[in-house]
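Residue numbers (the working numbering), protein chains in the order written: chain R, 212 to 536; chain S, 5 to 147; chain Z, 54 to 311.
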Amino acid sequence: MERAPVRAPLIKNLGFKVGLLLALTAALALGFFVYVLYVRGVFQETQKLVLVAANAEGVSIGMPLTFSGFPIGRVSRIALTEEGEARIEIRVPVKDARWLRTTSVFTLERPFVGAARIRAFSTNLQDPPLPDGAERRLLVGDAAEAIPQLVERVRKILDNVEAMTAEDSSLNRSLAHVSTITGRMAGEYGVMEGVLGSPENARHVVEALKKAEALLASLNEASRKVDALLAKTDQRVYGPDGVMDQADRSLAQIGTLLEDVRASLKRADAVLTDAQAISGNVRVASDDLGQLRAEIDESVRKVNHLINELNRRWPFAREAEVKLP
Amino acid sequence: MADDAERRAFLAGHPAAALVSAEMPLRANLSVLENIAIVPQYRENLDYDRAAHRAWKLLERAGATGCALKRDPDLSFEERFIAKLLRAMVTSPPIILIERPALLLPDTDYPAWLERTLDALAADFNQCWILDYRWNEPLYAPR
Amino acid sequence: MLTRRGEAALAWLGAWGRAFRFAAGALAAAFTPALYNSATRTVVQKQIYFTAWQILATFTAFAAVLSLVIIQISVSTARDFGLSDYALEVVIRVLVLELLPLLTALFVALRSGAAINTEVALMNINNEIRALEAAGVDPMRFEFMPRVIGGTISVLALTALASLMALVLGYVTVYGLQGSSLPDFGRVMGKVFTIPILLGLWVKCLAFGVAVTVIPIVAGLDAPQKLFFAPIAVLRGMVRLFFVLMLIEVAALALTYI
């Protein structure tokens, strides 16, 4: 008797192919599940670290704790304490816990864009290791909160600079004063000889000048505004009394003043650099800061002008060098 | 059977009968063999090989093994009729009801052909009724 | 006019009610081992073969190209904005959690869903379903439930493979062809895939798979037994399927992110 043909030979190895696909899918699904458990640290031995912060805004479960830019732990629980503070529990794998010492500091930073970051800093890795379940304070640094304050500070500094370099400011008046004196000195009845005639006084002046020169060393351009001012004052130069003392005092005054200005500007610049570093990733947010920086640059240029002018117009600066015995 | 209404009433009165009817087509995407085998697969939970073997034996007895792997659209009227008949027969129901054979076998001298076919398969069914209209009565030989 | 509207609304509700009842029936059957037999298993195998195996190469290639393009765009855009730390996370979220499951479901819906819809509509119109019933073959067990199971498994399999491909491509694009960044990759994965999210993803894919098969079958069964209704049945089924897929996706998004 003829056997029944087993099946219409439509598909070869149907069972095998389908079985393979099924097995592959099941393996993928199960494997992925185990993988997720693994990467979520279910199979890892961890120790607990509790951070207490006044405000846990931006902290989420699963957020990493980083040390030197490397994630070494993960937020596992957030709760409110009896005192109304945020209690953030972090699980740190035992093998990574060696980076945390009893002296470690923990900070929470909230940048403009992107998630907040919890960072650990350990200055001395020789300190005893952090015990399991340790509780530490979390220092909160908030870029969004700090920037308006920074900007406010920079504004104040700029206002000061503005006041110093204004037309009728004490700096300008002092400069005018200096011009008057130098004018007198360079005049027909100038006091040059008198100065050089007394060696003690001369040394005094030279020292003062050297100080001034060290202070103003790298500057070399002129301002028309001061030019005009000086030209005007040049014409009414006479007035022979007590010039030496006055010049000395004025010089010292201007020196300190300019130094002040320069220090202020440097401070402002540093503050701004900080602010820009914090907001470094953001294209839009730095527009404001850029404008502020431009203002500061402008002020620096103004001050440089003044210093240069002083340097150029001050007759002692060069002549003293030459004529010193 | 006098008319269509009577036919329907008769069918309604015999719900357990296995029908061979123009209104009960074969499953179009299965071969004749599979169409027959599927019934014991479900009714008796047989595996495919045993069910197909049983279907094949029936086809052999009906002399229609040539159409075993064909599907419905490729069948002749007679082959289709045999497939339907065997499908009704394969689980040995008490009654097989062949309904309006003229509709299933338009090109055949069907009373004679039916008799031959049913004789060949006599061992495989209990009772077979042919349901036809009264005006076709002269076609059938008296039993 | 009002009555007609009311009738239409009732018919619409009735169609959805049948779809749900059918889905429940099919799933109940799927989890009743006693209802499986050799024929059912064969149909399941065939369904998986036609729905998943036949298009495996094409679909995987398509998913790979799409993933690669999206990964490249995301990574380079993120780099421009100084957010490269988040690029991989975004890519995984977009591709593995949302885009690839939906695309797989749409692909299977277009290909196998339409085929199932047509076949069931024709079976229904040709009276083959009643013939099967009369022959003692439960059409739910023989034709429908195996299709639902096969289609669902196919959607799951295709999604799994496409997602695996996207993950591998994402890793290679971000870290290059070396294995030493696996811990970093693992950290991102751990961040994206919490256990609820993973389970949610599975449930969503399952829902996609069930919808892709159940809705065409019900639409086919709904067709009146007249041949010219076959195209209408397919059209209705496909539109309904599209809305259901979108509904599942939106619901999943809402559950995940709200």
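For glycine and all other residues, C-beta sits at the position ideal for the given N, C-alpha and C.
Have a look at Ile-202(Z), Val-190(Z) and Thr-266(Z) and flag the residue whose alpha-carbon is nearest the alpha-carbon of Tyr-46(S).
Val-190(Z)
Hey, would you say Arg-302(R) sits closer than 8 Å to Thr-257(R), going by beta carbons?
Going by C-beta atoms, Arg-302(R) is nearer than 8 Å to Thr-257(R).
Measure the C-alpha to C-alpha separation of Ser-537(R) and Ser-333(R) and round it to an integer number of angstroms.
No answer is possible for residue 537(R): it lies beyond the span of chain R, which begins at 212 and ends at 536.
Under 6 Å Cβ to Cβ from Ile-206(Z), same chain only, skipping five residues before and after it: list those, please.
Ile-101
Option nearest Asp-138(Z) by Cα separation, candidates Asp-275(Z), Val-221(Z), Tyr-228(Z) and Asn-170(Z)
Out of Asp-275(Z), Val-221(Z), Tyr-228(Z) and Asn-170(Z), Tyr-228(Z) has the C-alpha closest to the C-alpha of Asp-138(Z).
I'd like to know whether the C-beta atoms of Trp-133(S) and Leu-101(S) end up nearer to each other than 8 Å.
The Cβ atoms of Trp-133(S) and Leu-101(S) lie closer than 8 Å to each other.
In whole angstroms, give me the CA-to-CA distance for Pro-269(Z) and Phe-281(R).
51 Å
Residues in the region 18-47 of chain S having any Cβ partner in chain Z nearer than 7 Å:
Leu-23, Glu-27, Met-28, Pro-29, Arg-31, Ala-32, Ile-42, Val-43, Gln-45, Tyr-46 and Arg-47
Across the region 274-283 of chain Z and the region 167-182 of chain Z, are there enough close Cβ pairs to call them in contact, namely three or more that are closer than 8 Å?
yes
Look up Ala-20(S) in the DSSP assignment and say whether it is helix, strand or coil.
coil
Pick from Ala-106(S), Leu-37(S), Glu-10(S) and Glu-83(S): whose alpha carbon is nearest that of Asn-140(S)?
Of the candidates Ala-106(S), Leu-37(S), Glu-10(S) and Glu-83(S), the one whose C-alpha sits nearest the C-alpha of Asn-140(S) is Ala-106(S).
What residue does the beta strand (DSSP E) around Phe-278(R) start on, and which one ends it?
275-278
On the CB-based measure, 16 or more other CB atoms within 10 Å of its CB, does Gly-295(R) come out buried or exposed?
exposed
Do you know how far the Cα of Ala-32(S) is from the Cα of Glu-172(Z)?
10 Å
Residue of Thr-309(Z), Tyr-310(Z) and Phe-261(Z) minimising C-alpha distance to Phe-295(Z):
Phe-261(Z)
In this structure, does DSSP put His-103(S) in helix, strand or coil?
Note on identity: in this sequence residue 103(S) is Glu, with His being the wrong assignment. Strand.
Beta-carbon spacing of Lys-244(Z), Gly-273(R) below 8 Å:
yes
Bridge-paired residues (DSSP) for Thr-257(R)
Pro-304(R)
Counting only beta-carbon separations shorter than 8 Å, does Leu-280(Z) have a partner in chain S?
no
Rounded C-alpha distance that separates Gly-204(Z) from Phe-197(Z):
10 Å
May I ask you to report which of helix, strand or coil DSSP gives Ile-134(S)?
strand
Using a Cβ-Cβ distance under 8 Å, would Ala-92(Z) count as near chain S?
yes
Do you know offhand how far Ala-210(Z)'s Cα is from Leu-136(Z)'s?
So the two alpha carbons sit approximately 33 Å from each other.
Proximal residues to Ser-127(Z) (C-beta, below 8 Å), its chain only, five neighbours per side dropped
Ala-140, Val-143, Val-144 and Val-147
Where Val-454(R) falls: helix, strand or coil (DSSP):
Its pLDDT being 47, under 50, Val-454(R) is placed unreliably by the model, and the measurement read from it follows with that caveat. Reduced to three states, the DSSP call for Val-454(R) is helix.
Do you know how far the Cα of Ile-285(Z) is from the Cα of Ala-188(Z)?
29 Å
Is it a yes or a no for the region 335-348 of chain R touching the region 254-268 of chain R, going by three-plus beta-carbon pairs under 8 Å?
yes
Which class does Phe-527(R) belong to by DSSP, given the choice of helix, strand or coil?
Low local confidence applies: a pLDDT of 47 at Phe-527(R) is under 50, so the model's placement there is unreliable, with the coordinate-based value given in what follows. Phe-527(R): helix per DSSP, three-state reduction.
Determine the DSSP secondary structure at Ala-439(R), reduced to helix, strand or coil.
Only weak support exists for where Ala-439(R) lies, its pLDDT of 48 falling under 50; the value from the coordinates is given anyway. It is helical.
If you follow the alpha helix (DSSP H) that Ser-207(Z) is part of, which residue opens it and which one closes it?
198-228
Chain-ordered neighbours of Ala-240(R) on chain Z, where CB pairs are closer than 9 Å:
Leu-209, Ala-213 and Trp-255
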